[in-house]
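Chemist: If you count by mature numbering (1 follows the signal peptide of the UniProt record, and there is no 0), then the sequence shown holds residues -30 to -1, 1 to 1024, one letter each, in order. No residue lacks a Cβ here, since even glycine has one placed at the ideal position from N, Cα and C.
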Amino acid sequence: MKGKIKRGVIRALMLFLLAVAFAPGAPALAGPGVTPDWERTFRGGYKVDLREDELPAVDRTGNAYVNVTNGWLYCVNPDRTTAWKANLYQSGEYQKTGGAGPVPDEEGNIYLGSGDKKVYALAPDGRVLWTAPMGDVVSPGTSPALGADGTLYVAALNGTLYALDKDTGQQKWAAATKGGWSRNTPVVSPADGTVYVGSPNSVNALNPADVSEKWYRHFTDLVLYEATSSSGDIDEKRMAAGADGTLYIMAYAKGTSLKESRLLALDPADGGIKWQLEVNQLAGAPALDGDTLYYKTEDNRLHAVDTADGGEKWVFRGDEAYMTADQHYGRAPAVGPDGTVYVPLGKNLYAVTPAGEEKWRSTGGQYWIYQVSAPGPGGELYCVASDGRLLKFTDPDLTLIPDRLTLEADFALLKGSTYTLQPGLTDTYGRPMDTGDLQYAGSDPAVLAVDAGGTVRGLAAGAATVTVSHPKAPQVTGTVRITVLEDTRDVTLTVTPANPELLVGNQLLLQAGLTAGSRTVKGEAFEWTSRTLPVVTVDENGMVQGVSAGEGTMRVRVKNRPELAQEVRVLVKEPAITKVTPEEVRAALVKTLGYYAREGVGNRDWVVFGINAAGADVREYGGDVYLARLEAGVRDKGVGSQMTDYERTAIALVSAGADPRDFGGVDLIDKIVNWPDLSQGINASVWGLIALDAANAVVPPGAKNTREALINHILSNRSGKGWAYGGGSVPEPDMTGMALYALAPYRDRPEIRAAGEAAILWLSENQQEDGTYGSWGATNCESSAQVIMALTAWGVDPQGPAFTKKGGNAVTALLNYQTATGMFNHTNSPDPAFATPQGLQALAALQDYLANGVSTIYYKIVSHGSEPVTVTALEIFPDGLEMETGRSIALGVKNQRGIVLDNSLVNWSVSDPDVAGVTDAGLLTTKKAGQVNIVVTLKENSQILDASTLTVVRQDFEIKKIESTDSVDGERNVRIVIKNISEQEKSAVFIVGLYDRESRELIQQSYISKTFLPGGSHQIEATFSVPGEGDYEVRAMVWNDWLKGRALTDLISE
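#1: Could you tell me if residue 513 is buried or exposed, where buried requires 16 or more neighbouring beta carbons within 10 angstroms of its beta carbon?
#2: Hey, would you say residue 56 sits closer than 8 Å to residue 83, going by beta carbons?
#3: Check the C-beta distance from residue 691 over to residue 728 and give it rounded, since I have them as a contact under 8 Å.
#4: Using only alpha-carbon positions, find the residue among 586, 537, 538 and 543 that is nearest to residue 560.
#5: Tell me the DSSP bridge mates of residue 689?
#6: As a quick exercise: from 777, 734, 685 and 337, pick the residue whose alpha carbon is nearest that of residue 720.
#7: Measuring straight from C-alpha to C-alpha, what distance separates residue 592 and residue 832?
#8: So residue 613 packs on residue 658, CB below 8 Å; how close in whole Å?
#9: Between the beta-carbon of residue 206 and the beta-carbon of residue 111, is there less than 8 Å?
#10: Alpha carbon to alpha carbon, what distance is there between residue 552 and residue 540?
#11: Is the region 355 to 368 close to the region 326 to 339, with three or more CB pairs under 8 Å?
#12: Is the distance from the Cβ of residue 124 to the Cβ of residue 89 below 8 Å?
#13: With contact counted as at least three CB pairs below 8 Å, one residue from each stretch, are the region 592 to 602 and the region 796 to 813 in contact?
#14: If you reduce the DSSP assignment to three classes, tell me which class residue 447 lands in.
#15: Measuring straight from C-alpha to C-alpha, what distance separates residue 895 and residue 34?
#16: Could you give the DSSP three-state label for residue 606: helix, strand or coil?
#17: Could you check which residue in 754, 854 and 770 has the C-alpha nearest to that of residue 805?
#18: Over the uninterrupted alpha helix (DSSP H) stretch that includes residue 641, give me the two end residues.
#19: If I follow the unbroken beta strand (DSSP E) through residue 840, where does it start and stop?
#20: Of the residues 232, 68, 29 and 240, which one's Cα is nearest the Cα of residue 192?
#21: With residue 70 and residue 24 assumed to form a contact (beta carbons below 8 Å), what rounded beta-carbon distance in angstroms separates them?
#22: If residue 904 sits next to residue 885, beta carbons under 8 Å apart, how far is it from one beta carbon to the other, in whole angstroms?
#23: Just to confirm before moving on: does the CB-CB distance between residue 669 and residue 765 stay below 8 Å?
#24: Using only CA atoms, which one of 291, 1004 and 933 lies nearest to residue 989?
#25: If distances are taken between C-alpha atoms only, which option among 269, 385, 277 and 292 comes closest to residue 286?
#26: Over the uninterrupted alpha helix (DSSP H) stretch that includes residue 553, give me the two end residues.
#27: Please report the straight-line C-alpha distance between residue 147 and residue 173, rounded to a whole angstrom.
#28: Quick one: what does DSSP say residue 579 is sitting in, helix, strand or coil?
#29: Classify residue 392: buried if its beta carbon has 16 or more other beta carbons within 10 angstroms, exposed otherwise.
#30: Rounded to a whole number of angstroms, what is the C-alpha to C-alpha distance between residue 458 and residue 499?
#31: Identify, in the order they occur along the chain, each residue of the same chain with its Cβ nearer than 7 Å to the Cβ of residue 386, setting aside the five sequence neighbours on each side.
#32: Provide the residue span of the alpha helix (DSSP H) that contains residue 173, from first to last.
#33: Buried or exposed for residue 532, going by 16 or more other Cβ atoms inside 10 Å?
#34: What did DSSP end up calling residue 19 once you bin it into helix, strand or coil?
#35: Expressed to the nearest angstrom, what Euclidean distance is found between the alpha-carbon atoms of residue 475 and residue 647?
#36: Taking Cβ to Cβ, would you say residue 491 is nearer than 8 Å to residue 461?
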């Protein structure tokens, strides 16, 4: 429908162990036919859905942030998938509970007031940066307001307005405002920072500097927004503030129908009415853009009025069904950076130009659309719709608008020299734009010339300016003043830093610059040479490399002005090693504990020991589930076939608070002390001694493997000055370390002290220059970890002189293996199996040593377990599954703290057993195409539950053939034949990888996408270079496409 003028005028690849980024697909075409890119819900239990009053926020990457009625904030990727979710603890009916409309800042952090009496700040990755307490819950349905100075304003239900520092959450002030029992979303004046906050019948204007009242206006005949104290329901209409501070409000007549609306403009000086417009029907909140206010009315019209006097500019009408529920008129239309107005009318979304012309509309709408977000950087538009739907549209004609131009400071230029200006141009989203359209104009052609690309040439002594502008955005302009110098008489060459120093092996960039008085001289190039190559080298850019300790000399000169030259002396020093502090050790420990908080302990005995050694409660990391599964395994299959299986398990049981003397009907201590032989090198005797001491076990008379027998076996099987797994004369750091901390409780005995001191000396002498240790031909994390646990158990400082080399000490070496996720690298890649658990144990030993002067983490272990956590919420994982018929997957469930619960504590069920079935153990099996709800309830309280939707689709592909052959030159050739068994053309993505069979580490990988005709087959071939040693296997996966990442077949392996 044409508007009437009355006056004036990407892509995410989800792979197993691989991530690749692809560009998004083409957007929808403009005009009739625009349809949603996708839709989704957030259902997960009784009355859990997307908030109807939600106003999606969009960040600079196009992600959307929305709140769900179970209290969780979701970050949704533009491809529909969930990036992350965070619990803000504001579960309840949307009109009565919790904040809505998250507010992002320029860094991508998200802010929201919650129904749990806190304000939350979250990082772009979902981490909670801080929380700030309030005296009451946030006013339902409201958002914070962000001031230009970084102050965050939040309104609480009790009428208090809070001002917080957005970076820290520190409260700046709290002010009790007038006007009833609730407040709406605050608004900050762009003119002077005045904060406006409304109540049902009044408006407060506060000066944020001194928290004084600027003015207060009470309306006897108007209601600003609906607030029903009897039911608690609140439907706010948000206010808007103009550039001059004028406040715009959509109110309605008190004591009458909500349909008698009135648009008001209040004077920023005293709150007086500048003008008012009788709307006389149900109307939405106003949106402001420049000198125009936009609002929609119940008759599916979008109105544009002049901010000066309320005069109507135009009215646009959408040909849609009417939506009459007043609570869906609380939000304003959205306005894009190019002035396009986005407004939901009925069941479709409209894009209208600033002149009132239709830009495009969606068609075929199935759901009432309540609110629309502002557009994202790729034209993303997120709509809240009926039936709990989040819809995403894309504006195919979103125009990038230049917003900010930056230029360098005024400078000087030598006559005859040239310099190309370096302007910066960003759009309204802060993204860099192409500067090719910029125009340049010089003020005096006799002094300088400037070409179309911004290159300036100095022609004659004097001063002139260059003005830079954008032809499509006249407001985006800047000017730089350039002084042209006749010669170099007043020019000084300087090098920074003035007295450069660096360490051997390090680099330092020296920067040469020219100045003439207070002005920087540009347009000249520099030449660098080193006169002392044995000490330092330097490249053409001034990058200096420290070669050896001493004093080096550099020479720099201006390339085309040889009279400007200077010598620079550089002092090169040997590196000094700084000790890692207790606080840094603790921070590293917390990082790795955080990794296990996310991953859980699973069935890993050494992880259980490490977590407890760090002073943490194993139960909070899934310890209860670990014990339950371990006990079931012990009763079913026993502990293992090796003595070390019993020793390792006994240490883990003590750490988890269980009794190794009676676990699963087995006395593990009895098995250890009566094991018939000590095999596996000295492993069995070392870990047998540790297990007995860890459990503080009493060895019965007549036992074969007493402590004394184990000690004698260890001492009798030394390898040179230390120990080695396979014996011989050459020690290994790992085995030497293990033997040392096994013997540590007995180090007062002369023969043990002598052996221990010799081994410690050997460890010092065989440390690498960077502080690391290695075994089996490579330096690695585990070797460093074992040495640290050995030294600290003997009370020896791993950062002392004996263990500090030129490039680092034992502790700095260990921390160099730690990654940002908390995992540890074995050498160059993260290793969850060995490096990470041993890194955790070494950090725990360091923490103990730094606190007590010695580490006893293996001696008389005490579990740090606490009382079981009371379960108050459940969460199914994985969530929102889409699977083919005939497939199975193991479901899991977590409590409110993210701890995995054992399936014995819950009941599983499905809404339609003909579509899928689920066992008591959570094993889900699909049967036929359709949709089904999966429900899990807590056995002891069936009101605590979670639900997830499963979509079952028909199988599209089947594996017809798989072959694998090894060639004589060490290559493995793989051929897999796949057939499309559906009746439609289908696409698939194949990922084929070579894996280490024992560690499951990915060695090599290749992938390809292919489109199949109905009934068509394709042979996938891949060739891998197999390493010389080890046991390897090929695995393949078939996915439906790059974006959704749904497996089309079971994992294919040799």
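Modeler: Taking the geometry as given:
#1: The residue in question, residue 513, is exposed, as its Cβ has fewer than 16 Cβ neighbours within 10 Å.
#2: No.
#3: That belief holds up - the Cβ atoms of residue 691 and residue 728 are roughly 5 Å apart, short of 8 Å.
#4: Among 586, 537, 538 and 543, the Cα nearest to that of residue 560 belongs to 586.
#5: Bridge partners of residue 689: 692.
#6: Comparing Cα-Cα distances from residue 720 to each of 777, 734, 685 and 337, the minimum goes to 685.
#7: When only Cα atoms are considered, residue 592 and residue 832 end up about 18 Å apart.
#8: In this structure, residue 613 and residue 658 form a Cβ contact; the two beta carbons are roughly 7 Å apart against a cut-off of 8 Å.
#9: Against a cut-off of 8 Å, the Cβ pair of residue 111 and residue 206 comes out as a contact.
#10: C-alpha of residue 540 to C-alpha of residue 552: approximately 35 Å in a straight line.
#11: The answer is yes - the region 326 to 339 touches the region 355 to 368, with three or more Cβ pairs under 8 Å.
#12: Going by beta carbons, residue 124 and residue 89 fall inside the 8 Å limit.
#13: Short answer: they don't touch.
#14: Three-state DSSP puts residue 447 in a strand.
#15: Roughly 33 Å between the two C-alpha positions.
#16: Correct three-state label for residue 606: helix.
#17: The candidate whose alpha carbon is nearest that of residue 805 is 754.
#18: Per DSSP, the unbroken alpha helix (DSSP H) holding residue 641 starts and ends at 638 to 643.
#19: It is not in any beta strand (DSSP E) - residue 840 carries neither H nor E in the DSSP assignment.
#20: Here the closest residue by C-alpha is 232.
#21: About 5 Å; that satisfies the 8 Å criterion.
#22: That belief does not hold up - the Cβ atoms of residue 904 and residue 885 are roughly 10 Å apart, past 8 Å.
#23: Using a Cβ distance threshold of 8 Å, residue 669 and residue 765 do not count as a contacting pair.
#24: Per the Cα distances, 933.
#25: Considering only 269, 385, 277 and 292, the residue with the shortest C-alpha distance to residue 286 is 269.
#26: Residue 553: member of the alpha helix (DSSP H) spanning 552 to 569, first to last residue.
#27: Straight-line Cα distance between these residues: approximately 9 Å.
#28: Residue state, collapsed to three classes: helix.
#29: Classification for residue 392: exposed.
#30: Put simply, the backbone Cα of residue 458 is about 22 Å away from that of residue 499.
#31: Answer for residue 386: 428, listed in chain order.
#32: Here residue 173 belongs to no alpha helix (DSSP H); instead the beta strand (DSSP E) covers 172 to 177.
#33: Counting every other CB atom within 10 Å of its CB across the protein chains shown gives residue 532 a total below 16, marking it as exposed.
#34: Coil at residue 19, not helix or strand.
#35: Rounded to the nearest angstrom, the two C-alpha atoms are 52 Å apart.
#36: Yes, the pair counts as a contact, with Cβ atoms nearer than the cut-off.
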